[in-house]
Each structure stands twice: as C-alpha cells, then as structure tokens.
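J.: Throughout, the numbering used here is defined as the position within the sequence shown, counted from one, plus 413.
Every residue gets a Cβ at the ideal spot worked out from N, C-alpha and C, and that includes glycine.
Here you go, one structure.
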Amino acid sequence: MNSKIAELKIQFEAEVAKASTTADLEALRVAYLGKKGSITELMKEMKDLTPEEKKSFGQEVNRLKSFAADSLAQRTEELKKQEIEKEINSIPDFDVSMPPSMNEGSYHPVTLVQRQCERIFRSMGFAVEDYSEIVTDYECFEALNIPKHHPARDMQDTYYLENGQLLKSHTSAAQNAIYKKYKDALINDGVPIKAIFPGRCFRNEATDACHENTFFQMEGVMVDKDISISNLIYFMKTMLSEVFQKDLKVRLRPGFFPFVEPGFELDISCLICGGEGCPSCKHSGWLELCPCGMIHPEVLKAGGIDPEEYTGFAFGLGLTRLVMMKYGIKDIRDLNSGSLKTLTQFIDE
Ligand code: FA5
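Right under this line is the structure:
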C-alpha cells in the first residue's frame, strides 16, 4: 500500500476511535471525505503518476474511501444507540402499571351533572352548543322581546363592561344566535332545531342558600312545525327522571317571561327537606328549577323564523340548583367555595 494512504488510514482509525458523539463523527466525515477532505485530496496526486501507478493508486484510494465511509456509518449507529440508552436512563424510574395517585383531580359536581344532561339530550337528538359569557344588550334582552326600560330587566341585573357589553344574566342570551345558525336547515331542508346550550350566568344580586351571583343554567330549544306544550312537558319529564332516576314531585305553574307565551315555572319538591320547607327552598317546600314556555313569535322573528309557520319551546334549567338537589347540597355557595373537601366527593355515573 502506498505509504501516504497507509498513514492516512491509521490516522483516520485513531480519530474514529476517539470520537465520542455522532457530531464528532460528522466532523470527521467532512474532514476526510468532504469536498476538501484529506482522502478526497489524495486524488489530486494522480496527475504526477505513471499510467500503471495511477491505476493501483486510484484503486487504493477508492478502497480507503469505502473503508472510511463504512467505518463512519458503523460507528455512528453504535453511538446513536448509546445516546438513546443514555437518554432513557436519565428518565426517573416510574411504573406504568401503578394505580393513579390518590391526589389526582376530580370534576366539579356542576361539570358532572352538566355532562349527564348533555348525554341525555344528545340521546334525544339535541345538539350541544357553547356560547360566550360576554354578550350584547341585543342578545341578552332586545332579541328576547325585552326592549330597553322594560320592567323585566329589573329581574336580571348583571355586570356591565365599559363598552356596553355585559356578562350574560341567562343562557337565553344565546337563543338568537342559535336560531340564526340553524334556521336555513329548518326552512330549506325541514330539519327541526333541537339544541341545548349550558353556560355560566351572572347576576348582580344578594346571595343566600339558593342564590349565587355566578351560577350555571342550561338552555334548551326545539323549533319545528306543530311543536306544542306536550312536547315541552315530555322532554322536561324525561330529563328529570333520567337525572334523578326516581319519581319526583313536580309542579307547573304560570310564569311570566317576555320571550315565551305561554310561560311556566317548573318547580320540584325540595329534596333537602322533603317539601317541609328549609333555607335551601326559601321555606316554601318547592324549588324553582326550570322555567319554560312556548317561544314568543317576536323572538322567532328576530331569529329569522316565520312564527306563522313554525312554533317551538324553550326552557332555562337552573343547572346549579339541579346539582344541589341531586347531591343534597344545602347551600349553593358551597359550589363556588373552592373547598376541595366539599368538591372532590363526587364521582361520574
Ligand atoms: C331565566 O333566566 C330565563 N331565561 C329562563 C327561561 C328560559 C324561561 C327559556 C323561559 C324560557 P330565571 O331568572 O327564573 O329565568 O332563572 C332560571 C333558573 O335559573 C331558576 O329557576 C333557577 O333555577 C336558576 N337561577 C336563577 N337565578 C339564580 C341565582 N341567582 N342563583 C342560582 N340559580 C339561579
């Protein structure tokens, strides 16, 4: 072997043996096999050789080239494996088969009941919609047949932003957007509007055992041809019997809301005191849970739906109150307390 080639081979082998990372090997590849690498440069010496010498020199250089490339590839593989093993060993030991820690989080009871209601209504063909907590005066009131200065506004004082928007005082604030979203499918393809939209509501009012300034409602609407109060009662009954899994004492009485006609208050017998009267039901034995009614023609019109052709019902379930009744929570304020002792006791069904 040509002595220069032999020397270069020894030098190369020594440097490869010293390389301890894949980055070192890449640097060696460039130094030996790159455009200006030492092995590549050997070829320049061909010009001073005789034709016979050229042939054997060329063959030797090519053999060295292949040897260098193979050595680098092999050593790169070895080092890559070592690097991966090192990374794996640096991960602290843990056992994937261990049961979850007792300190894991849990769902808030409102989330659990909301999800249960969503499952029930989805199974009856309702879409579940989400809506903003900040809304306009139009969405919260005007589109619901509550013009400015209407006395019904007094029942729902809320918190106003400087730009005139407000924190929604009821989930009915999403009704207009829902009608507008689904009206084309109703009018053109005859697909009934069936949607529920749970959400957080805000009211500027004094708190007590059954009133909070921040609480959850779940609105539901159904619009189609020939929808009547019997449809409304059917869906209310189904929802309550599914949530409580037992017969409840329920009463329906007239109720006034400008966005329904006729309107009803649906109360359930208080499950905290068994109807005897207690602070949770303001000592009446009954809890206002789910006002409802037939959607007012003006509200349908504002949503782009012809009230001569279509009718519908709407309800506004007091979700936080439903949670109180389901789990026997005496004071609604416990639900916003952030107390882990109270809030981690509930499990999904
Ligand atoms: C409304 O908010 C109407 N938007 C409901 C409605 C929708 C009527 C569709 C007709 C058709 P009301 O203000 O009564 O109505 O509230 C509805 C329910 O929310 C109440 O029955 C009660 O369960 C709950 N709720 C109201 N205010 C509070 C409060 N401050 N704290 C906790 N729950 C409340």
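What do you reckon, are the CB atoms on Leu684 and Met631 nearer than 7 Å?
T.: Residue numbering aside, residue 684 sits at position 271 when the sequence shown is read from its first letter. Residue numbering aside, residue 631 sits at position 218 when the sequence shown is read from its first letter. Cβ atoms of Leu684 and Met631: not closer than 7 Å.
J.: Evaluate Pro704 with the Cβ neighbour count: other Cβ atoms within 10 Å of its Cβ, from every protein chain shown; 16 or more gives buried, anything less gives exposed.
T.: Here residue 704 refers to the residue found at position 291 of the sequence shown. Classification for Pro704: buried.
J.: Quick check: the Cα distance between His583 and Asp602, rounded to an integer number of angstroms?
T.: Indexing the sequence shown from 1 puts residue 583 at position 170. Indexing the sequence shown from 1 puts residue 602 at position 189. Going from the Cα of His583 to the Cα of Asp602 covers about 30 Å.
J.: Roughly how many whole angstroms lie between the Cα atoms of Arg535 and Val541?
T.: As a first step, residue 535 must be located in the sequence shown, where it is residue number 122. As a first step, residue 541 must be located in the sequence shown, where it is residue number 128. Rounded to whole angstroms, Arg535 to Val541 spans 7 Å at the Cα level.
J.: Output the boundary residues of the beta strand (DSSP E) element that contains Leu702.
T.: Position 289 of the sequence shown, counting from 1, holds the residue named residue 702. Taken as a continuous stretch (DSSP letters only), Leu702 belongs to no beta strand (DSSP E), as it is neither H nor E.
J.: How many Å lie between Leu441 and Lys422 at the Cα?
T.: Taking the first residue of the sequence shown as position 1, residue 441 is located at position 28. Taking the first residue of the sequence shown as position 1, residue 422 is located at position 9. The straight-line gap from Cα to Cα measures roughly 13 Å.
J.: Would the beta-carbon of Pro675 be found less than 6 Å away from any heavy atom of the ligand FA5?
T.: Here residue 675 refers to the residue found at position 262 when the sequence shown is read from its first residue. Not so, every heavy atom of the ligand FA5 lies at least 6 Å from the Cβ.
J.: Looking at the unbroken beta strand (DSSP E) that takes in Pro675, where does it start and where does it end?
T.: What you label residue 675 is simply residue 262 of the sequence shown in a count that begins at 1. Where Pro675 is concerned, the enclosing beta strand (DSSP E) stretches over 673-682.
J.: Excluding the 5 residues flanking Met652 on each side, which residues of the same chain have their C-beta closer than 8 Å to its C-beta?
T.: The residue given as residue 652 occupies position 239 in the sequence shown. Answer for Met652: Cys530, Ile533, Phe534, Leu730, listed in chain order.
J.: Alpha carbon to alpha carbon, what distance is there between Leu735 and Pro560?
T.: The residue you call residue 560 lines up with position 147 of the sequence shown. The residue you call residue 735 lines up with position 322 of the sequence shown. Roughly 30 Å separates the two Cα atoms.
J.: Less than 7 Å separating the beta-carbons of Lys659 and Ser693?
T.: In the sequence shown, residue 659 corresponds to position 246, counting from 1. In the sequence shown, residue 693 corresponds to position 280, counting from 1. It is not a contact, given that the beta carbons lie outside the stated cut-off.
J.: Can you tell me where the beta strand (DSSP E) holding Gln630 begins and where it ends?
T.: Here residue 630 is taken as the residue at index 217 of the sequence shown, counted from 1. Element bounds for Gln630: 627-637.
J.: Which whole runs of the alpha helix (DSSP H) in the stretch 428-506 are 4 residues long or more, in chain order?
T.: Whole alpha helix (DSSP H) segments, 4+ residues: 435-446, 451-455, 464-503.
J.: Can you tell me the Cα-Cα spacing of Met649 and Leu702, whole angstroms?
T.: Residue 649 sits at position 236 when you count from the first residue of the sequence shown. Residue 702 sits at position 289 when you count from the first residue of the sequence shown. Roughly 11 Å between the two C-alpha positions.
J.: If distances are taken between C-alpha atoms only, which option among Glu618, Gln527, Ile600, Leu756 comes closest to Tyr572?
T.: For the purposes of this step, residue 572 is identified with residue 159 of the sequence shown, where counting begins at 1. When only C-alpha atoms are compared, the closest one is Glu618.
J.: Return the bridge partner residues of Ile708 from the DSSP annotation.
T.: Sequence index remark: in the sequence shown, residue 708 carries index 295 (1-based). Val673, per the DSSP bridge assignment.
J.: Starting from Ile646, follow the alpha helix (DSSP H) in both directions and report where the run begins and ends.
T.: The sequence position of residue 646 within the sequence shown is 233, counting from 1. 642-657 is the span of the alpha helix (DSSP H), which, as asked, contains Ile646.
J.: Secondary structure at Val736, three-state DSSP: helix, strand or coil?
T.: In the sequence shown, counting from the first residue as 1, residue 736 sits at position 323. Helix.
J.: Buried or exposed for Ala430, please, with buried defined as at least 16 other CB atoms from any protein chain shown within 10 angstroms of its CB.
T.: Working through the sequence shown from its first residue, we reach residue 430 at position 17. By the 10 Å Cβ count, Ala430 comes out exposed.
J.: Count the other C-beta atoms from every protein chain shown that fall within 10 angstroms of the C-beta of Asn502, then say buried if there are 16 or more, exposed otherwise.
T.: For the purposes of this step, residue 502 is taken as residue 89 along the sequence shown, with counting starting at 1. Result: exposed.
J.: Residues in the same chain with beta-carbon distance under 7 Å from Ala715, minus the five sequence neighbours each way, listed in chain order, please.
T.: Within the sequence shown, the letter at position 302 stands for residue 715. Only Ala556, Asn589 meet the Cβ criterion.
J.: Just the C-alpha distance for Val673 and Phe539, rounded to the nearest angstrom, thanks.
T.: Against the sequence shown, residue 673 aligns to sequence position 260. Against the sequence shown, residue 539 aligns to sequence position 126. Between Val673 and Phe539, the C-alpha separation is close to 20 Å.
J.: Following a CB-centred definition, is Arg379 positioned closer than 6 Å to any heavy atom of the ligand FA5?
T.: Outside the displayed range of the chain (414 to 762) lies residue 379, so it cannot be described from this structure.
J.: Can you name, in chain order, every residue of its own chain whose Cβ lies under 8 Å from the Cβ of Ser484, other than the five neighbours on each side?
T.: Indexing the sequence shown from 1 puts residue 484 at position 71. If we look at Ser484 and ignore the five residues flanking it on each side, its Cβ neighbours are Phe425, Glu426, Val429.
J.: Check for me: the alpha helix (DSSP H) holding Cys530 runs from which residue to which?
T.: One-based indexing of the sequence shown puts residue 530 at position 117. Where Cys530 is concerned, the enclosing alpha helix (DSSP H) stretches over 522-536.
J.: With a CB to CB cut of under 7 Å and the five nearest residues on each side skipped, what residues in its chain are close to Phe470?
T.: As a first step, residue 470 must be located in the sequence shown, where it is residue number 57. For Phe470, where only same-chain residues beyond five positions count, the Cβ hits under 7 Å are Asn415, Met459, Leu462.
J.: Examine the ligand FA5 and report whether any of its heavy atoms sits within less than 6 Å of the Cβ of Ser585.
T.: Translated into the one-based positions of the sequence shown, residue 585 becomes position 172. Because some heavy atom of the ligand FA5 lies under 6 Å away, the Cβ of Ser585 counts as near it: yes.
J.: Arg666 bridges to which residues according to DSSP?
T.: Counting from 1 along the sequence shown, the entry for residue 666 is found at position 253. Partner(s): Glu678.
J.: Near Cys691, which residues of its chain fall below 6 Å by C-beta distance, leaving aside the five closest residues on each side in sequence?
T.: Counting from 1 along the sequence shown, the entry for residue 691 is found at position 278. Excluding sequence neighbours, Cys691 sits near Ile685.
J.: Just to check, is the beta-carbon of Pro704 closer than 6 Å to a non-hydrogen atom of the ligand FA5?
T.: One-based indexing of the sequence shown puts residue 704 at position 291. Yes, the Cβ of Pro704 comes within 6 Å of a heavy atom of the ligand FA5.
J.: Following the continuous alpha helix (DSSP H) through Cys553, name the residue where it begins and the one where it ends.
T.: Position 140 of the sequence shown, counted from the first residue, corresponds to residue 553. Residues 550-553.
J.: Which residue from His562, Met635, Ala481, Ser641 puts its Cα closest to that of Arg452?
T.: Taking the first residue of the sequence shown as position 1, residue 452 is located at position 39. According to the sequence displayed, residue 452 carries Ile and not Arg. That would be Ala481, whose Cα lies nearest to the Cα of Ile452.
J.: Should Ala619 be counted as a contact of the ligand FA5 given a C-beta to heavy atom distance under 6 Å?
T.: Position 206 of the sequence shown, counting from 1, holds the residue named residue 619. No; taking the cut-off as 6 Å, the Cβ of Ala619 has no heavy atom of the ligand FA5 nearer than that.
J.: Between the alpha carbons of Lys457 and Gly447, how many angstroms are there, rounded?
T.: The residue labelled residue 457 in the question sits at position 44 within the sequence shown. The residue labelled residue 447 in the question sits at position 34 within the sequence shown. For Lys457 and Gly447, the distance between alpha carbons rounds to 14 Å.
J.: Enumerate in chain order the residues of its own chain whose CB-to-CB distance from Arg488 is below 8 Å, with the five nearest sequence positions on each side excluded.
T.: Here residue 488 refers to the residue found at position 75 of the sequence shown. Contacts found: Val429, Ala432, Leu438.
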